[in-house]
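The numbering used here puts the sequence shown at residues 537 to 693. By construction, the Cβ of each residue, glycine as well, lies at the ideal position given by its N, Cα and C atoms. Structure first, commentary second.
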Amino acid sequence: MRRQHGYVIPHRAVPRTDDRYLEVLAQSVFQAGFSWEVVRRKWPTTRRAFRNFRIDAVARFGWHDVQRLLADPGVVRNRRKLQAVIENARVLQEIRRQHGSVRSYVQGYLRPKPYAEKVRILSRTFRFLGPTGIFHFLWCVGEQVPAWEHRDPRRRR
Numbered sequence: 537m538r539r540q541h542g543y544v545i546p547h548r549a550v551p552r553t554d555d556r557y558l559e560v561l562a563q564s565v566f567q568a569g570f571s572w573e574v575v576r577r578k579w580p581t582t583r584r585a586f587r588n589f590r591i592d593a594v595a596r597f598g599w600h601d602v603q604r605l606l607a608d609p610g611v612v613r614n615r616r617k618l619q620a621v622i623e624n625a626r627v628l629q630e631i632r633r634q635h636g637s638v639r640s641y642v643q644g645y646l647r648p649k650p651y652a653e654k655v656r657i658l659s660r661t662f663r664f665l666g667p668t669g670i671f672h673f674l675w676c677v678g679e680q681v682p683a684w685e686h687r688d689p690r691r692r693r
């Protein structure tokens, strides 16, 4: 990671596995409203707590898992965000069923759409993901994004 204009610039690469898409999506969820530095510092523990973001494992998480995560000081302990990651894993399972893989969904279904349409689709598809989180997610998975200051298509220019 490097810094530019005071922002932490995350690593950018097309994920090699569907599970890596979940990890990037989870980072986007956890960073909303939090210091990116705090999330980054807690990430190794968060990765272990979420079973390395294996989609099928996280999708099976239930009430007891949420309680376990809430008790772990090594993760961001926000119930809504923890539940959003679990629910988003279940959404990714459905996306895999419909599109064959998360990569096919991103590159085949989303890629040809205008950025504002991608924001609309992703904000309706995933929990706890707003315009900045969507920008972060798309940037990290190697998709084209507008300039940082134009990341929210609802803003007036």
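Checklist entry - Relative to the C-alpha of residue 581, which residue among 602, 647, 589, 611 is closest? => result For the purposes of this step, residue 581 is identified with residue 45 of the sequence shown, where counting begins at 1. Cα-wise, what sits closest to residue 581 is 611.
Next on the checklist: For residue 586, which residues in the same chain have their Cβ closer than 6 Å to its Cβ, ignoring the five residues on either side in sequence?
Outcome noted: Here residue 586 refers to the residue found at position 50 when the sequence shown is read from its first residue. Cβ neighbours of residue 586 beyond the five flanking positions: 594.
Next on the checklist: Please classify residue 574 as buried or exposed, where buried requires at least 16 other C-beta atoms within 10 Å of its C-beta.
Outcome noted: Position 38 of the sequence shown, counting from 1, holds the residue named residue 574. So residue 574 counts as exposed.
Checklist entry - Which residues bound the alpha helix (DSSP H) around residue 646? => result In the sequence shown, counting from the first residue as 1, residue 646 sits at position 110. Neither: residue 646 is in no alpha helix (DSSP H) and is coded neither H nor E.
Next on the checklist: Just verifying my parser: in three-state terms, what is the DSSP assignment at residue 571?
Outcome noted: Walking along the sequence shown from the start, residue 571 turns up at place 35. Reduced to three states, the DSSP call for residue 571 is coil.
Checklist entry - Excluding sequence positions up to five away, which residues of its chain have a Cβ less than 7 Å from the Cβ of residue 678? => result Stepping through the sequence shown from its first residue, residue 678 is reached at position 142. Correct list, in chain order: 548, 549, 550.
Item to check | Contact check, residue 720 vs residue 564, beta carbons under 8 Å | outcome: Examination of residue 720 is not possible in this model, given that the chain is present from 537 through 693 alone.
Next on the checklist: Let's see if you can read the secondary structure: which residues bound the alpha helix (DSSP H) around residue 674?
Outcome noted: On the sequence shown, position 138 is the one that residue 674 refers to. That run of the alpha helix (DSSP H) goes 667-676.
Checklist entry - In the region 542-620, which residue ranges form an unbroken beta strand (DSSP E) of at least 3 residues, counting only runs that do not cross its ends? => result As far as the region 542-620 is concerned, its whole beta strand (DSSP E) runs of at least 3 residues are 543-545.
Checklist entry - Can you give the Cα-Cα distance for residue 598 and residue 681, rounded to whole angstroms? => result Your numbering for residue 598 matches position 62 in the sequence shown. Your numbering for residue 681 matches position 145 in the sequence shown. Approximately 34 Å between the Cα atoms of the pair.
Checklist entry - Going by alpha carbons, who is nearest to residue 652 out of 627, 640, 674? => result Locating residue 652 in the sequence shown gives position 116, counting from the first residue. Among 627, 640, 674, the Cα nearest to that of residue 652 belongs to 674.
Checklist entry - Roughly how far, in whole angstroms, is the beta-carbon of residue 625 from the beta-carbon of residue 591, given that I think they are within contact range, below 8 Å? => result Numbered from its first residue, the sequence shown carries residue 625 at position 89. Numbered from its first residue, the sequence shown carries residue 591 at position 55. So it is a contact: roughly 5 Å between Cβ atoms.
Next on the checklist: What does the alpha-carbon distance come out to for the pair residue 671 and residue 663?
Outcome noted: Against the sequence shown, residue 671 aligns to sequence position 135. Against the sequence shown, residue 663 aligns to sequence position 127. Cα to Cα, the separation comes out at about 15 Å.
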